[in-house]
Amino acid sequence: MVTKVILPKLEANMEEGRIVKWLKKEGDKIKKGEPLFVLETLKAVFDVEAEASGTLLKIIAKEGSNVPVTSVIAVIGEEGEEIPDELNK
Amino acid sequence: MEKKELIEYYKTMLKIRYFEEKIDFLFTRGLIHGTAHLCIGQEAVAVGACAALNEDDFITSTHRGHGHAIAKGLDIKKFMAELQGKKDGYCKGRAGTQHTICIEKGFLTNGITGGCIPIAAGIALAFKMKKSRQVVLCFFGDGATNEGYFHETLNIAALWKLPIVFICENNLYAMSTSVRDSMLIEDISKRAEAYGFEGKSIDGNDIFIVKKTVEEAVKKARDGVGPTLIECKTYRFKGHSKNDQCVYRTREEEEEWKKKDPILILRNKLIKDKILSEKEIIKIEENIKLEIEKAVEFATESPEPNPSSMYENLYA
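Residue numbers (the working numbering), protein chains in the order written: chain V, 9 to 97; chain H, -9 to 306.
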């Protein structure tokens, strides 16, 4: 089963965040706890760690985009694993 | 300590750790409102200190209070619902992480740094006047000991021989300020001397030392001898709050303290002394994870408070 990577809420009044940079490319292996992307909020810039190990199957939110908190921004899973349709738009 | 007790302490410490990890996760999903300060790494202080109490004794907690609440016996389902602002929470979802109160369990907290210190003295004074032989454990952090009401309260508590034990959880940082930058003394417990009572500095990651030291202080408080200040030296593994990147401390320092993880220390002891097998411990860990999931389920299913009830329980 794939793991959805979400834009995490990190501050009390945070509504959205900007993806500054992806630290992995699609197809790269990643371990739980490794930095996955750089997130900018109104207050600070964070390295956000992966919540699951596997392969970064798909990046949904592009670098530089502003994204509401809790929306799905990427998918992690087994290499070659099929991505469910609702995440594959 | 009895074997059965040791296993109970291990379970409670794990329950706190997994509860906090779940809060960390839920916060990123927008399901915990306001802020959240996690006590991961400090579990031995809460569990060791509360183990020295009778059920009708009271504790006052801090902004970093989830561990104290669980150690004092709050039900994690109702507590989880409270942290999510739900109707079935301890305070009907109105108090959240910073202000949860459960009088039946003898638990009060307040989000202001050191805000509960004078409140604890007030409770202790009530116990003394009622001659109830109950005791108050008053928790606070290192930062709170630089606040005025810490000093005022210690003085009056000593003068009136209040049945109170002051427990300083010194995790070395007040938000991002190191204790080295905010006081000249090495041991915060020395501050008790200025008010004429005993202070002790101990390893807060060793549950045996914490329990034994607090037991002695509780006995003194109960017998009318007066207060004690116990400084428990410990470390929070996570940041001050969720958006803290810990730029004020080194990754090496964090790794050194993780070797002194209180849960790991107790786990190793349980195995070494043949109290539990690796297999039995894994079973306990799985069961507690399940218990946390059930608490989340309970909180998720609990309704939001009805807006028409917003004027209930208002006294002002």
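No residue lacks a Cβ here, since even glycine has one placed at the ideal position from N, Cα and C.
* Roughly how many angstroms lie between the CA atoms of E287/H and A147/H, to the nearest whole one? -> Taking the straight line joining both Cα atoms gives about 43 Å.
* Give, in chain order, every unbroken run of the alpha helix (DSSP H) that is at least 4 residues long and sits entirely within the stretch 156 to 233 of chain H. => Counting only runs of 4 or more residues that sit fully inside the stretch 156 to 233 of chain H, the alpha helix (DSSP H) segments are 197 to 212, in chain order.
* To do: Closer than 7 Å, Cβ to Cβ, to anything on chain H: give me those residues from the stretch 63 to 80 of chain V, in chain order.
  => Cβ contacts with chain H come from V77, T78.
* To do: Determine the extent of the alpha helix (DSSP H) in which I81/V is found, giving its start and end residues.
  => Element bounds for I81/V: not the alpha helix (DSSP H) but the beta strand (DSSP E), 80 to 85.
* Can you tell me whether DSSP reads K33/V as helix, strand or coil? -> Three-state DSSP puts K33/V in coil, outside helix and strand.
* Would you say E12/V faces chain H, with C-beta separation under 7 Å as the test? -> What sits at residue 12/V in the sequence shown is Lys, not Glu. No, its Cβ sits nowhere closer than 7 Å to a Cβ of chain H.
* Which residues in chain H sit within 7 Å of L47/V, going by Cβ to Cβ distance? -> Taking a Cβ-Cβ cut-off of 7 Å, L47/V has no neighbours in chain H, whose nearest Cβ is about 10 Å from it.
* Looking at L219/H and G189/H, is the spacing between their C-beta atoms short of 7 Å? -> Contact annotation: G189/H and L219/H have beta-carbon atoms nearer than 7 Å.
* Three-pair Cβ contact test at 8 Å for the stretch 228 to 240 of chain H versus the stretch 67 to 75 of chain H -> No, the stretch 228 to 240 of chain H is not in contact with the stretch 67 to 75 of chain H.
* Asked: Is Y225/H buried or exposed, if buried means 16 or more other CB atoms sit within 10 Å of its CB?
  -> In the assembly as shown, Y225/H is a buried residue. Its beta-carbon has 16 or more other beta-carbons within 10 Å.
* Asked: Count the other CB atoms within 10 Å of the CB of K153/H; is the residue buried (16 or more) or exposed (fewer)?
  -> For clarity, residue 153/H is Pro in the given sequence; the question names Lys instead. Label assigned to P153/H: buried.
* G131/H, DSSP secondary structure in three states -> G131/H: strand per DSSP, three-state reduction.
* Could one say the Cβ of K99/V lies closer than 7 Å to chain H's Cβ atoms, at least one of them? -> Residue 99/V is absent from the structure shown; chain V starts at 9 and stops at 97.
* To do: Please determine if the stretch 53 to 70 of chain V and the stretch 27 to 38 of chain V are in contact, where contact requires at least 3 C-beta pairs separated by less than 8 Å.
  => Three or more Cβ pairs closer than 8 Å define a contact, and the stretch 53 to 70 of chain V meets that threshold against the stretch 27 to 38 of chain V.
* Asked: Which chain H residues are close to S95/V, counting only those with a beta carbon under 7 Å from its beta carbon?
  -> A quick correction: the sequence has Leu, not Ser, at residue 95/V. Those do not exist, as L95/V stays about 17 Å from chain H at its closest Cβ, beyond 7 Å.
* Asked: If we ignore side chains and look at the alpha-carbon of each, how far apart do C222/H and G131/H end up?
  -> Linking C222/H to G131/H through their CA atoms gives a straight-line distance of about 10 Å.
* Three-state secondary structure assigned by DSSP to N145/H -> Judged by DSSP in its simplified three-state form, N145/H adopts helix.
* Does I20/H come within less than 7 Å of chain V when only Cβ atoms are used? -> At residue 20/H the sequence reads Gly, which differs from the Ile that was named. Chain V, which has a Cβ nearer than 7 Å to the Cβ of G20/H, makes this yes.
* To do: Would you please state the rounded distance, in angstroms, between the beta carbons of V126/H and F187/H? I believe it to be under 8 Å.
  => Contact check for V126/H and F187/H: beta-carbon distance about 15 Å, past the 8 Å limit, so the pair fails to qualify.
* Name the DSSP beta bridge partners of D46/H, please? -> For D46/H, DSSP assigns no beta-bridge partner whatsoever.
* To do: Measuring only between beta-carbons, confirm whether P16/V sits less than 7 Å from chain H.
  => Yes, P16/V counts as interfacial toward chain H.
* Asked: beta strand (DSSP E) containing P76/V: first to last residue?
  -> From DSSP, the beta strand (DSSP E) with P76/V extends over 74 to 76.
* Asked: From which residue to which residue does the beta strand (DSSP E) around G62/V run?
  -> G62/V -> beta strand (DSSP E) spans 62 to 67.
* To do: Please confirm if G24/H has its CB atom under 7 Å from at least one CB of chain V.
  => Yes, its Cβ sits closer than 7 Å to a Cβ of chain V.
* For G25/V versus L44/V, is the C-beta distance shorter than 7 Å? -> In this structure, L44/V does not lie closer than 7 Å to G25/V by Cβ.
* Which residues of chain V have a Cβ atom closer than 9 Å to the Cβ of F48/H, listed in chain order? -> The CB of F48/H never comes closer than 9 Å to any CB in chain V; the least such distance is about 29 Å.
* Asked: Can you tell me where the alpha helix (DSSP H) with D65/H in it begins and where it stops?
  -> Careful: D65/H lies outside any alpha helix (DSSP H) and carries neither H nor E.
* Asked: When burial is assigned at 16 or more other CB atoms within 10 Å of the CB, is Y8/H buried or exposed?
  -> By the 10 Å Cβ count, Y8/H comes out buried.
* Go through its chain and collect everything with a Cβ distance to T49/V's Cβ below 7 Å, but skip five positions before and after it. => Within the same chain, L18, E19, M22, G25 come within 7 Å of T49/V by CB-CB distance, once the 5 residues on both sides are set aside.
* Asked: Who are the near neighbours of Y80/H in its chain, counting only those whose CB is closer than 6 Å to its CB and skipping five residues on each side?
  -> Within the same chain, Y80/H has close Cβ partners K68, E72, T90, C92.
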